[in-house]
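K.L.:
Structure in structure tokens, see below.
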Amino acid sequence: MLTIDPFPNLDDIKKYYPDDYHGFTSHHYFLIKKLKAWYWKYKVIRYSQFITNGEKILEVGCGKGDLLGEFRNRGFKQIFGLDFNAVAVQSARANGFEVHHGLLDTETYPQRNFNLIIIENLIEHVLDPLSFLQSCHELLDKGGLIVGETPNINSWDCKLFGKYWGGYSAPMHLYLLNEENIKQLAEKSGFKIRQIKNTLQPVHWALSIQHYIQHNLFKARLNNGRSAYFSLLLLFFIPISMFQSIVSNSSTVQFVLEKK
């Protein structure tokens, strides 16, 4: 497991995330909007295999509620969100979602009976991954699940692109993990591994190329951290990422943890 050095405090971390951070801001590029819409639909189909309608879902790091919206479209009622960015929370609430502002703690959710907690590309952002998973454990009902994914430091593209790798995302990403790190954290925090695998993630490939171009060839104007040609890079790297996820060592590790 890699850790950013020097390690920031919470006040510093808040400064890293501008109000237009791409995690919750709408994109102006048509193709990216379409790809993101497809992505959230795919995620809800995947996550629906782990939960039935009527059970309680919490998404930590929900942004403005894109994933929550797809759950709502499919008839789920017990959906909740949490985000530490006030602008994102305000946007999610305006869209009709019950979203708390702040960090994950048991005081925010005293009932502690969630059936599914979603941490989509989140664990690499938290101050203490072990403590975070322990808090999730306390908030889950018996047999409850965590589903999530995180950049994979054992991936081909990490080794290929080095300092330009899109998965680093410093200083927002405080930790970078691999499958073995996730297994160790799960065991220490009271979970068993239900599923862990590599998954499709062309974004890191596209970001890596964009970073290389920006630093070595020419600087394009960026919108929410993305260039005008970023969507074309995404399309180009989808088949490569698909092959990578089948063979192993893809850009992202996907995991399902079950409360013991």
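If you use this note's numbering, the sequence shown corresponds to residues 52 to 311, in order. Cβ coordinates follow ideal geometry from the N, Cα and C atoms, glycine included.
To the nearest whole angstrom, what separates the beta carbons of F135 and L154, a pair I think is in contact under 8 Å?
P.N.:
6 Å
K.L.:
Quick one: grab the DSSP three-state call for G195.
P.N.:
strand
K.L.:
What are the residues that DSSP puts in a beta bridge with P202?
P.N.:
As DSSP reads the structure, P202 sits in a beta bridge with T303.
K.L.:
Measuring straight from C-alpha to C-alpha, what distance separates G302 and L109?
P.N.:
For the sequence presented, residue 302 should be read as Ser rather than Gly. So the alpha carbons of these two residues sit roughly 25 Å apart.
K.L.:
Give the C-beta separation of L285 and P253 to the nearest angstrom, bearing in mind that I take them to be a contact with Cβ-Cβ under 8 Å.
P.N.:
5 Å
K.L.:
Excluding the five sequence neighbours on either side, which residues of its own chain have a C-beta within less than 6 Å of the C-beta of K115, listed in chain order?
P.N.:
F75, A139, S142 and A143
K.L.:
Suppose only complete runs of 3+ residues qualify. What are the beta strand (DSSP E) ranges in the region 80-164, listed by chain order?
P.N.:
108-111, 130-134 and 149-152
K.L.:
Applying the 10 Å Cβ sphere with the 16-neighbour rule, what's the burial state of H188?
P.N.:
In summary, H188 is buried, with 16 or more beta-carbon neighbours lying within 10 Å of its beta-carbon over all protein chains present.
K.L.:
Considering only residues of the same chain and omitting the five flanking positions on each side of Q246, which have a CB-CB separation below 6 Å?
P.N.:
V307
K.L.:
For my contact list, G218 and P202 are in at a C-beta cut-off of 8 Å; report their separation, rounded to the angstrom.
P.N.:
Cβ atoms of G218 and P202 come within 8 Å of each other, at about 3 Å.
K.L.:
Give the range of the alpha helix (DSSP H) segment to which F281 is assigned.
P.N.:
Membership of F281 in the alpha helix (DSSP H) is indicated by the continuous run F281 to V298.
K.L.:
May I ask you to report which of helix, strand or coil DSSP gives K248?
P.N.:
If DSSP states are grouped into helix, strand and coil, K248 belongs with the strands.
K.L.:
So N166 packs on G199, CB below 8 Å; how close in whole Å?
P.N.:
With 8 Å as the limit, N166 and G199 do not qualify as a contact, their Cβ atoms being about 15 Å apart.
K.L.:
If you follow the alpha helix (DSSP H) that W216 is part of, which residue opens it and which one closes it?
P.N.:
Segment: none, W216 is in no alpha helix (DSSP H) and carries neither H nor E.
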